[in-house]
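One structure is given below, encoded as structure tokens.
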Amino acid sequence: MLWKVLLLLGLSSAWAQKLCSPGASDGYKVRLSINSALGDQAYVWNENEMFLFRATLAFAMRTYSDGQEYDVANVVVCDETPRVSFWFVVTSPLDASLLVDKRRVEEAVRKSRSRINSAFLLTDDTLEFIGIPPTLEAPVAPDTPPWLIAFGVVMGGVGAGIVVLLVSSVVQKIRKKRDGEEETGGKTENEAASDAIYNMSFSDDEPVTQM
Amino acid sequence: MKLKLPNPELDDRIPSYRDLERMEKEEAGDRPKWDNKAQYLLTCVGFCVGLGNVWRFPYLCQSHGGGAFMIPFLTLLVLEGIPLVHLEFAIGQRLRKGNVAVWSSIHPYLTGVGIASLLVSFLVGMYYNTIMAWIMWYLFNSFQSPLPWSQCPLNANRTGVVEECARSSTTDYFWYRETLNTSAAIDEFGGPQWWIVLTLLAAWTVLYVCCIRGIETTGKAVYVTSTLPYVVLTIFLIRGLTLKGSIEGIKFLFTPDINELMNPTAWLDAGAQVFYSFSLAFGGLVSFSSYNSIHNNCEQDAVLISIINGCTSVYSATVIYSIIGFRATQNFDDCTADNILKLMNTFNYPENMITENNYNEVLSNLNQTNPDIIQGLQLQTCDIQVFLSQGVEGTGLAFIVFTEAIIKMPISPLWAILFFAMLFCLGLSTMFGNIEGVVVPLQDLNVLPRTWPKEVLCALTCLISLAFGLIFSLSSGSYWLALFDNFAGSIPLLVIGFCEMFAVMYIYGVDRFNKDIEFMIGHKPNMFWQVTWRFVSPLIMVVILVFYFITQISKNPTYLVWDQEAESFPTLTRRPYPSWVYIIIFILAGIPSLAVPVVALYKFNQRKCCKQKDYSDSTLDTISAKIQRSDEIKF
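Order-wise, the sequence lines are chains A and B.
Throughout the first sequence, residue numbering follows the working numbering, covering 1 to 211 in sequence.
Throughout the second sequence, residue numbering follows the working numbering, covering 212 to 846 in sequence.
Shown next, in the form of structure tokens:
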């Protein structure tokens, strides 16, 4: 009895291994770049981490696929390399010899990508599913472009400056005129003379009039 | 050799020493004055130190033998730059008039020199302020994080980035597409880009508010615009030196290549750079000096300003290249990391097995064992020298290369704001001189009635320049700007500069000029000035002019375009101009240059026909005649 159970287990795992192979039509290659993502704080990739990966993927299949109860055993992994890359396939919970269709796996992975990334403290670049491109997030576009705000501020300031300067020169002129009119006739003429262009004919006059 | 062309009645046109002393004592005349010497120096420094110091000189330095370029540059600075600056300062201070009035005082036939300066200042001001508008656009866009030129926009179905951006780079795309929205040829006009029109409006209104009352307002503005660039350069130097790879950049800049000294192009470029860098022949320096007190030491000022300008060029080159070194090192590291990743992924090596240090070894091993796989990978060759010598001149330096360096620095928006504020101040203070060279001559020529205030004339100038400047807001605007830059701001200035020197030395008279300087500063100019003014500087200018002319005429003028369909995309493609551009070139370069002889002929004709009518003009020497002539001087 016992040897039958053992034989079945051995056969099933061998069978499962056969389902997963590099280049499997319903499988995907995963590549992790832990050191480039985390540098000093990188963790070591070991069996436990692999277990977490299989569990996360089972979670993704449960939540975003047909709702069946996928388990860690349904995620089969093979061809691990020192690079930290491997292939995986997902078997159906109802029948361990059936593989779940590629597209369903892809859909589940796409939808739960951020959850999978954060489970491993990685990003779209450093945790790659070869063949599943990440959906790019559109850059945040604010309602008013920020440059228009800066432009408005500058134009407002400059406009106020122009108005102030023009008004002050007009006021100055009016004041000058008023001061000029208040003076007596002779004095204003002198003022007018000193305000105007220096009249060189008067300076040249001196040698002629010196007696 | 004391060649002096006959110039009768010169004394009647210029104030005598006694007049000058009286004007100084009584502070008569309605000519504006500087509040203090610092304002004058800062304004001149601001006018001379401009965008060329930041984005033209470093490129020339690096491409003409690095440290060895200092030799032609400093030599020509001393032999060409300083004498010309001293000449303009002295003649402005002595004759105390705006640019057009100064030359027509020396001789009425020389009015053309002033008018040529006016035209050149106007044309250059038009396109220079467009560069200011571009700088303002980047400055306004720096107030956000992440910076808009750090990301490519997504394409329509959000599967990837826009193709143009993917093939070039984010900063290329932001400059050519989102800023300029450039077309592929100068004859594909496109319409005006509304955001560029807005920033042009902003640039001209900022300029107007600073120039509204002439030196009264610009004198205050220069306290900020002339000093801020130095502060920012220092900040960038400190920041740059703490970045990885900056020393590589500085080494690249200053590594001397003595062989370059044998290359005549190095000397020509140095001479042209000195000439344009000092903003000579625009009329601005003459105008600014005319507001000085009569005994101001213009010799000292000239030497001081020249030294400051030269030192600023070298300083900013150091700063720019420290940042460029950082960018090049970053690009090199990215390139190597890319290659390493490719190798690791293909051969499934664990992550830290290949590093930058053993990359070459590993690659050569793999090449021996699996050459076909290596071939298939198409690894890029990463050469830091290539990255260091990439596109580092003109607008490309500021808007593509430097912006790329900025996005790699932490707290990018801060550095972007500082950098573009610095460029803005550099350009604005140069524009002050330009406006001075346009508005004051227009006042002298009595274009508007005298009763109209200066503010109105300034407003009209800004408005008309803005209206014409809308051509630069078209899709092909940057090509038009390059055209203006090449032709309006080059040959006419050399012609005017030469005419100025000739006029002062041989028409005004070198003896009279020496006496004037003795009167103003207390001692006669020494042998150095005599030799350089009379022979050396005019000779250098003629040589540069002739070579410029030859190089422009001998080859068909070409320009660089951003063409997505071209083979060499994303590198700019060189295309010949369409034939109608020759008319534009003639307008830009020919009309200001020809203004000198044409106006001379016109005045000659005028005099001839008036002389025939009034033969008693020259013999009468009465007071009333002198009063009549003083009316003439008043313009």
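We put the CB at the ideal spot given by N, CA and C, even for glycine.
For L136 (chain A), the residues of chain B that pass the 9 Å Cβ criterion are L365, R369, T370, G371, V372, in the order they occur in the chain. Chain-order list of chain A residues neighbouring P467 (chain B): empty, with the shortest C-beta distance near 40 Å, by a criterion of under 9 Å. Its chain contains P749 as the residues whose beta carbon lies nearer than 8 Å to that of F713 (chain B), once the 5 sequence neighbours on both sides are disregarded; these appear in chain order.
Beta-bridge annotation (DSSP): I130 (chain A) is paired with A:K29. Interface flag for N563 (chain B) against chain A is set, since a Cβ pair is found closer than 8 Å. Nearest neighbour of G263 (chain B) by Cα position, chosen from B:G521, B:N571, B:D222, turns out to be B:G521. Around the beta-carbon of H734 (chain B), fewer than 16 other beta-carbon atoms lie within 10 Å, marking it exposed. The C-alpha of L799 (chain B) lies about 16 Å from the C-alpha of G323 (chain B).
Sequence-distant Cβ neighbours of K215 (chain B) in its own chain, meaning closer than 7 Å and more than five residues away, are Y717, G720. Runs of alpha helix (DSSP H) with 4 or more residues, each lying fully within the segment 429-517 of chain B, are found at 439-452, 457-465, 475-488, 495-500, listed in chain order. Legend: CB atoms of the segment 705-731 of chain B lying less than 8 Å from CB atoms of chain A are not found in any residue.
For T390 (chain B), the secondary structure class from DSSP, reduced to helix, strand or coil, is helix.
Secondary structure note for D79 (chain A): its beta strand (DSSP E) is the uninterrupted segment 75-81. Of all alpha-carbon atoms in B:R661, B:M564, B:L783, the one lying nearest the alpha-carbon of A395 (chain B) is that of B:L783.
With respect to chain B, the C-beta atom of W3 (chain A) has no partner C-beta closer than 8 Å.
DSSP places R786 (chain B) inside the beta strand (DSSP E), whose first and last residues are 784-787. Rounded to the nearest angstrom, the gap between the Cα atoms of E567 (chain B) and R538 (chain B) is 18 Å.
Per the coordinates, the alpha-carbon of A414 (chain B) lies some 47 Å from the alpha-carbon of P217 (chain B). Of the candidates B:I458, B:I584, B:L448, B:L448 places its Cα closest to the Cα of T523 (chain B). Pairing R115 (chain A) with T341 (chain B), the inter-Cα distance amounts to about 49 Å.
When C-beta distances to chain B are compared with 8 Å, the residues of the segment 65-94 of chain A below that value are T81, P82, R83, V84, S85, in chain order.
Measuring C-alpha to C-alpha distances from L287 (chain B) to each of B:L411, B:M343, B:D383, B:W478 identifies B:W478 as the nearest. For S85 (chain A), the secondary structure class from DSSP, reduced to helix, strand or coil, is strand. Per the DSSP secondary-structure output, L812 (chain B) pairs with nothing in a beta bridge.
Under the criterion of beta carbons closer than 8 Å, T123 (chain A) and R369 (chain B) do not qualify as touching, at roughly 18 Å. Here E615 (chain B) is buried, its C-beta having at least 16 other C-beta atoms within 10 Å.
With the rule of 3 Cβ pairs closer than 8 Å, the segment 803-815 of chain B does not count as touching the segment 388-404 of chain B. Where V44 (chain A) is concerned, there is no enclosing beta strand (DSSP E), because DSSP gives it neither an H nor an E. Around the C-beta of A60 (chain A), 16 or more other C-beta atoms lie within 10 Å, and the residue is accordingly described as buried. Within the same chain, Cβ atoms closer than 6 Å to the Cβ of T56 (chain A) are found at I116, A119, the five residues on either side in sequence being excluded. Counting only residues of its own chain and dropping the five nearest sequence neighbours on each side, S356 (chain B) has a CB closer than 6 Å to the CB of P624. The beta-carbon of G27 (chain A) is placed no less than 8 Å from the nearest beta-carbon of chain B.
At a cut-off of 8 Å between beta carbons, R424 (chain B) contacts chain A. Across the set B:T662, B:N366, B:G494, B:I407, the C-alpha of B:I407 shows the shortest separation from the C-alpha of M347 (chain B).
The segment 716-788 of chain B contains, as complete alpha helix (DSSP H) runs of 4+ residues, the segments 721-732, 738-742, 748-765 (chain order). Under the three-pair Cβ rule at 8 Å, the segment 569-581 of chain B does not count as touching the segment 92-109 of chain A.
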